[in-house]
Amino acid sequence: MSYRKYFDRFRTLQLWRARADQVRNRAGGYVWEVDDLARVRRFLILGAFATYYARRHVHVKGSTDALLRALEKDGARVVEEIHDVSVHGRAYKNEPALFALAAALSTPSLEVRQAAERIFPDVVRTGMHLFQAAHYLEGFRGWGRLARRAFTNWYLNQPVDRLAYQVIKYQGRRVEEGDKGSRWAHRDILRLAHPQTSDPVRNAVLYYAVKGELPANAPEDEALRLLRAYQAIKAAQTEGEVIDLIQRYRLTWEFVPGQWLGSADVWRALLPGLPLAALIRNLARLTALGALKPLSPEVQEVTQRLTNMDALRKARIHPLQVLVAAKIYSAGFGVLGSLQWEPLAPVMDALDKAFYLTFENAEPTGKRLLVGLDISGSMGWGRVAGAPLTPREAAAALASVWAAKEQTVHFMAFSETLHPFPIQRREPLARLVRRMAAMPFGRTDCALPMLYARQKRLKVDTFIILTDNETWFGKIHPFQALQQYRRKYNPEARLVVVGMISNGFTIADPTDPGMLDVVGFDTATPRLVNAFARGEV
Ligand code: CA
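Letter by letter, the sequence shown follows residues 1 to 537 in our numbering.
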């Protein structure tokens with residue numbers, strides 16, 4: 001009769017609780033729950049989307065509950081985090097920050113509300129952000145005096161030419177898909193916020209925001225040039241006129257009526273003034289139209305802009321934006337199949353370079369790293385942070401950050417078994433993502449990287465595991481596998497868990513200072529992971 005087979009304090013089935021502080025994940029395995037602030041951070045970076053295990057509303061509810069608790073307990077800290085994530089462009093999308101900001105503007109604590117009001121103009125940077133913030137606000141407490149003032153000041157305090165630009169670019173938009181009540185325009189917000197000013201120029205812009213035209217007595221002012229140019233381009237009859245207006249007023253593509261956007265010459269005129277984010281989104285279109293041609297100076301200009309680190313930072317270009325562009329561009333045809341182009345190699349190379357430049361600078365660790373990629377079924381389902389990539393495709397790209405910089409690093413993929421998944425330095429990202437998409441699926445055992453290292457007697461300083469933390473299949477918990485490995489090979493071995501899904505779980509033991517839980521596709525993640533691997537955190 002064996003008893004040890006069924007009980008060993010160093011080895012517990014993942015389907016069983018190994019420690020009293022563990023909770024059950026959605027796959028049925030026992031892991032830990034991240035604290036509210038960590039959950040908020042995951043939400044700010046990854047948003048809340050449907051996953052293999054739960055529908056979207058479940059994740060939104062879980063995130064919102066954690067957000068409200070964290071705001072109550074440590075509101076100042078949450079507001080700081082919202083600010084940092086948004087201002088430094090750490091997240092693929094700004095919506096979660098705006099949602100959290102709306103929650104902060106609605107808390108009972110006056111101090112927290114005031115802190116939220118202070119960061120409002122830094123987080124709400126565009127007209128679209130303003131509509132989204134208004135929409136989210138109505139889901140919380142609504143238009144209190146302080147919230148109203150934040151919106152009012154948005155119209156009053158920013159430079160008037162910037163306001164004019166935002167008013168033209170975003171006149172009115174639907175904030176959420178499918179929801180009829182979610183169409184917002186400046187008119188709606190101005191009705192609630194009532195900004196009052198005696199400045200005739202600003203008043204003309206506000207008038208324009210409501211009526212869509214300038215008042216008859218609008219002053220001749222530099223700041224109103226853009227509004228006049230926009231009216232002129234709407235009335236333009238020839239391509240020559242359009243190009244002339246674009247060049248004279250540095251108009252961006254949103255100002256150009258759709259009928260002219262099929263012209264290569266119009267796009268060539270737009271190119272120098274095209275904001276970097278718009279450039280990245282339109283690479284395929286530019287190539288398909290012939291505005292980007294092989295051997296042309298335009299290609300050189302574009303690749304230089306794409307690989308300019310300062311410009312990427314300034315425009316808050318996120319690595320996922322670049323990765324999505326790289327995946328689509330290299331395919332040579334659009335999702336709907338209407339557009340086809342011949343991908344240009346220099347553009348693909350530039351996108352790959354840009355990807356690494358958009359992360360915060362991370363010093364190499366100089367350590368021996370074993371990177372484990374969870375390729376189980378759940379990692380192949382859903383979208384990372386709302387981007388058209390599965391968690392495991394995104395994980396492969398993120399892992400390549402260590403391939404690019406580290407001297408001693410080994411990669412492997414796992415589900416219920418191990419799979420070789422070598423990542424070469426400078427492997428084209430689009431190919432890497434395709435290669436990952438073709439990997440088999442399986443059940444999840446997050447202990448495998450540590451068991452593998454032990455079995456092969458590998459000398460590992462830090463394990464990095466990219467996963468959704470829905471582990472359940474193994475005969476030993478990941479933390480126990482790490483303890484075993486430490487006892488046998490390296491008492492200093494560390495574990496970093498990179499969460500690719502915004503749920504509330506982690507396989508990192510929160511009481512063990514040798515384990516760290518971070519959020520996938522936070523631009524700060526490689527820096528944090530490397531600092532931890534070097535023993536600085
Ligand atoms: Ca799984």
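In this text, a Cβ means the ideal position worked out from N, Cα and C, and glycines have one as well. Note that the structure is a prediction, hence the values are computed from the model and not measured.
Check: Around ligand 1, Cβ to any heavy atom closer than 5 angstroms, ordered along the chain; Outcome: Ser376, Ser378, Thr444, Glu470
Check: Rounded separation between Glu241 and Ala235 - CA only; Outcome: 10 angstroms
Check: In chain order, each beta strand (DSSP E) run of at least 3 residues that lies wholly inside the segment 140-190; Outcome: 172-174, 183-185
Check: Run of the beta strand (DSSP E) containing Asp221, from where it starts to where it stops; Outcome: First-last for Asp221: undefined, no H or E at that position.
Check: Distance between Arg454 and Pro388 (C-alpha atoms, nearest Å); Outcome: 36 angstroms
Check: Residue of Arg26, Asn203, Tyr208 minimising C-alpha distance to Ala54; Outcome: Arg26
Check: Alpha carbon of Ser263 to alpha carbon of Leu271, nearest angstrom; Outcome: 12 angstroms
Check: Supposed close pair Leu283, Val347 - CB separation, criterion 8 angstroms; Outcome: 6 angstroms
Check: Secondary structure of His547, DSSP reduced to three states; Outcome: Because the chain is modelled from 1 through 537, residue 547 falls outside the range shown and cannot be assessed.
Check: Ile280 in three-state terms, based on DSSP; Outcome: helix
Check: Entirely enclosed alpha helix (DSSP H) segments - the segment 97-142, minimum 4 residues; Outcome: 110-123, 127-137
Check: Candidates Ile375, Ala399, Thr252, Ala97: closest to Phe521 by CA position; Outcome: Ala399
Check: Inside the segment 466-521 only - beta strand (DSSP E) runs reaching at least 3 residues; Outcome: 494-499, 515-519
Check: Completely contained alpha helix (DSSP H) runs for the segment 351-426, where each covers 4 or more residues; Outcome: 391-405
Check: Own chain residues within Cβ distance below 6 angstroms of Asp65, not counting five before or after; Outcome: none
Check: Where the alpha helix (DSSP H) containing Trp267 begins and where it ends; Outcome: 264-270
Check: contact_flag[the segment 416-434, the segment 78-89] where n(CB pairs < 8 angstroms) is 3 or more; Outcome: no
Check: Distance between Phe333 and Leu292 (C-alpha atoms, nearest Å); Outcome: 15 angstroms
Check: Reduced DSSP category for Tyr92 - H, G, I as helix; E, B as strand; rest coil; Outcome: coil
Check: Simplified DSSP state of Trp16, which is helix, strand or coil; Outcome: coil
Check: Residues that Glu33 bridges to, as DSSP identifies them; Outcome: Phe505
Check: Presumed contact (8 angstroms Cβ cut-off) between Phe411 and Thr444, rounded CB distance; Outcome: Not confirmed; about 18 angstroms, so no contact.
Check: Phe43, DSSP secondary structure in three states; Outcome: helix
Check: Backbone secondary structure at Val23 - three-state DSSP; Outcome: strand
Check: Range covered by the alpha helix (DSSP H) that runs through Glu72; Outcome: 56-87
Check: Pair within 9 angstroms by beta-carbon distance, Thr523 and Pro319; Outcome: yes
Check: Other residues of its chain near Arg9: CB distance less than 6 angstroms, five sequence neighbours each side excluded; Outcome: none
Check: Chain-order list of residues whose beta-carbon lies under 6 angstroms from that of Leu192 (same chain, five-residue window excluded); Outcome: Trp143
Check: Inter-residue CB distance, Ala104 and Gly75 (contact presumed, cutoff 8 angstroms); Outcome: 7 angstroms
Check: Val201 to Leu516 span [Cα, whole Å]; Outcome: 53 angstroms
Check: Distance CB(Leu214)-CB(Ala204) smaller than 9 angstroms; Outcome: yes
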